[in-house]
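Everything below concerns the one structure shown next.
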Amino acid sequence: MSLPFRSIIILLGIFSLLGAQEAYICVWRNPERTMSKIFPDAFDYKTVNQKISAAKRDTIEERLKGKLLPGQREVFTYYELYNRDKKLLGYILAASQKGEYGAIEFIFGLDKDLKIKNIYIQRARERDTEFKKKDFLNQFLGKGVKDAQNLDKLIKGKRTTATSAIITGVKKELIAFEELVLKMNKNGKR
């Protein structure tokens with residue numbers, strides 16, 4: 124192999140490693156079509172982007188007992204759902220968590236009592252199907268912000284990389300929602 128060719132191969136390898144960090148951002152796909160999966164009376168939604176300060180990020184990570192993934196450290200996005208009368212129905216959280224074969228994207232809704240109303244898998248490449256089963260997903264229904272810290276104890280069943288990712292992802296979103304939305308609104312800051 125010639126020296127210039129080897130140099131090019133080495134440079135390509137170095138540059139590919141520099142950009143290798145994967146971002147875990149979940150975009151809510153087709154919200155107009157899918158919002159009724161969680162809120163049948165939903166008519167409209169509003170996207171809210173909340174910046175995450177270093178202090179809040181530290182608080183979230185301390186409560187989570189782990190780091191937020193790349194792409195989740197700067198901005199927290201959630202959606203407010205409204206009916207035809209423009210009354211708030213609840214919130215949608217679009218989450219992404221690292222699975223065995225890449226990102227697992229899932230969507231869940233919180234009603235006005237801050238309890239999970241429904242949850243569905245939006246996208247995943249996992250071979251394991253345990254995390255997609257209704258028996259597993261239905262365990263999240265009725266759990267809420269106040270259950271976030273103990274969620275891993277409340278959800279039963281076989282633990283796989285994917286089921287653990289869903290549990291961690293829901294826990295992370297509930298903690299972030301509490302810290303960045305509920306506590307900020309309570310203190311009059313936004």
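Throughout the sequence shown, residue numbering follows our numbering, covering 124 to 313 in sequence. Ideal placement from N, C-alpha and C gives every residue a C-beta, glycine not left out. Predicted model, so just to flag it, every value in this text is computed and none were measured.
Review point. Roughly how many angstroms lie between the CA atoms of LYS169 and GLU203, to the nearest whole one?
Key: 5 Å
Exercise for review: Determine the contact status of GLY222 and GLU253, defining contact as a CB-CB distance below 7 Å.
Suggested key: no
Review point. Residue range of the alpha helix (DSSP H) that THR182 falls in?
Key: 177-187
Exercise for review: Measure the CB-CB distance between GLY267 and ALA218 and report whether it falls below 7 Å.
Suggested key: no
Practice item. Count the CB pairs spanning the segment 273-281 and the segment 157-173 that are closer than 8 Å, and state whether there are at least three. Key: no
Check your understanding: Less than 7 Å separating the beta-carbons of LYS238 and GLY265?
Key -> yes
Practice item. Would you kindly check if the distance between the Cβ of PHE199 and the Cβ of LEU303 is under 7 Å? Key: yes
**Study point:** Spatial neighbours of LYS255 in its chain, beta-carbon cut-off 7 Å, leaving aside the 5 residues before and after
**Key:** ILE244
Practice item. Just the C-alpha distance for PRO154 and GLN220, rounded to the nearest angstrom, thanks. Key: 20 Å
Review point. Should ARG207 go down as buried or exposed, given a rule of 16 or more other Cβ atoms within 10 Å for buried?
Key: exposed
**Study point:** GLU203 (DSSP reduced to helix, strand or coil)
**Key:** strand
Check your understanding: Going by C-alpha distance, which of ASP234, LEU192 and LYS240 is nearest LYS295?
Key -> LEU192
Exercise for review: Below 8 Å on the Cβ atoms is my guess for TYR205 versus ILE215; work out the distance and round it to an integer in Å.
Suggested key: The pair is not a contact, with the Cβ atoms about 11 Å apart (cut-off 8 Å).
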